[in-house]
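Participant:
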Amino acid sequence: MRSDYVMHSFPNKVGFGAKEKLTPQNPPVTEHFLAPTDDVLGRDVAPDFTFAVWDANGKICILAKFSASFKIAYPSLGGEEHISVNVPEDAKVKGICGTFDREPLLELSWTGFQLFMAFTTVNPKEKQDTWELLSMELLYDTKNPLFDGATNVGKKIVRTLEDGLFATLYGKSYFCPSPDVIPMYSSDKEKVVLARMKDVHLQVYDVQMGKFSPFQRCSLVRIGGLPEPFAQDETVPIAVGSTLAVMSVLVVIGYALWRNLAARKTDYDNMA
487 MRSDYVMHSF PNKVGFGAKE KLTPQNPPVT EHFLAPTDDV LGRDVAPDFT
537 FAVWDANGKI CILAKFSASF KIAYPSLGGE EHISVNVPED AKVKGICGTF
587 DREPLLELSW TGFQLFMAFT TVNPKEKQDT WELLSMELLY DTKNPLFDGA
637 TNVGKKIVRT LEDGLFATLY GKSYFCPSPD VIPMYSSDKE KVVLARMKDV
687 HLQVYDVQMG KFSPFQRCSL VRIGGLPEPF AQDETVPIAV GSTLAVMSVL
737 VVIGYALWRN LAARKTDYDN MA
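The sequence shown begins at 487 in my numbering and counts up by one.
This is the structure:
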């Protein structure tokens, strides 16, 4: 999946580039201006099945791999209806590379939908630098035939309000088989969309040689489709414990045999 554009973002009031806290009263409003870039020799090759953004030098600056579905609620004559929309593997990719004065932005678009994922760095004094998801926005139009019988026809935008999603140490990638469901809200604070992501692998800073860096894993895994706490691999401790137990038994048996042979030798010497 290739990106042939670099997106230049100029925030209006509060944009993706701002580090102010996002609230329903303080939503991000962003204007996007796209400019084509020239093909570059020696361009990094993106891993298979990834969404990638390249800088002007042909180096990958954003690398993402995940599947996502959005359960969207909308009003109809018969009451509230829902549709489920999946991000296709061939979604068109655009984005902004992160620099010292602007935040990384990943945009995926497909027929009737646009998904924006903005990231930021966090630098608390007592911890190492980290990066995290600043905001995720979904744009769609209920004129789309998918929204059968919709009564609120028109363009819609929903966004996340939660801070600290996908928090990861700088220089590492983020990996999570099954993150928590992410709610997304309309401008009037109504929860409209539930985003479900699977097998998420992200890196938006310090991508080296077009590949993911060693990952920092979330604390959840998916078992039978349900998220469960990530259990550390107990195979090695069990194997080591079993080996030690067997060795202890062998030592005891060996000692018993030695005592038995020593006792027999003593009896034989006395008889002689």
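Idealized CB from N, CA, C, for every residue including glycine.
Please read these numbers as outputs of a predicted model, since none were measured by experiment.
Does S659 pass the burial test, meaning 16 or more other C-beta atoms within 10 Å, or should it be called exposed?
Facilitator: Along the sequence shown, read from residue 1 onward, the residue named residue 659 stands at position 173. With 16 or more Cβ atoms within 10 Å of its Cβ, S659 is classed as buried.
Participant: Just the C-alpha distance for D541 and V693, rounded to the nearest angstrom, thanks.
Facilitator: Start at 1 with the first residue of the sequence shown, and residue 541 comes out as number 55. Start at 1 with the first residue of the sequence shown, and residue 693 comes out as number 207. If I take the Cα positions, the gap works out to 11 Å.
Participant: Helix, strand or coil: which one does DSSP assign to M622?
Facilitator: Along the sequence shown, read from residue 1 onward, the residue named residue 622 stands at position 136. Correct three-state label for M622: strand.
Participant: Can you tell me which of T585, M622, A532 and F537 puts its alpha carbon nearest to the alpha carbon of R682?
Facilitator: Numbered from 1 along the sequence shown, position 196 holds the residue referred to as residue 682. Considering only alpha carbons, the answer is M622.
Participant: Is it buried or exposed, I739, if we count other Cβ atoms within 10 angstroms and call 16 or more buried?
Facilitator: Residue mapping note: residue 739 aligns to position 253 of the sequence shown, counting from 1. Flag for I739 reads exposed.
Participant: Is there contact here, the region 632 to 649 with the region 683 to 692, by at least three beta-carbon pairs under 8 Å?
Facilitator: Too few Cβ pairs lie closer than 8 Å, so no.
Participant: Roughly how many angstroms lie between the CA atoms of L743 and M733, to the nearest whole one?
Facilitator: Sequence index remark: in the sequence shown, residue 743 carries index 257 (1-based). Sequence index remark: in the sequence shown, residue 733 carries index 247 (1-based). Straight-line Cα distance between these residues: approximately 15 Å.
Participant: By alpha-carbon positions, which one of P590, T637 and D634 ends up nearest to W617?
Facilitator: By one-based count along the sequence shown, residue 617 stands at place 131. Here the closest residue by C-alpha is P590.
Participant: Can you give me the start and stop residues for the beta strand (DSSP E) that Y660 sits inside?
Facilitator: On the sequence shown, residue 660 is found 174 positions in, with the first residue counted as 1. Taken as a continuous stretch (DSSP letters only), the beta strand (DSSP E) holding Y660 covers S659 to C662.
Participant: For A653, which residues in the same chain have their Cβ closer than 6 Å to its Cβ, ignoring the five residues on either side in sequence?
Facilitator: Counting from one through the sequence shown, the residue named residue 653 turns up at place 167. The residues are T616 and E618.
Participant: In whole angstroms, what separates the C-alpha of K697 from that of N638?
Facilitator: Sequence index remark: in the sequence shown, residue 697 carries index 211 (1-based). Sequence index remark: in the sequence shown, residue 638 carries index 152 (1-based). Cα-Cα distance, rounded: 43 Å.
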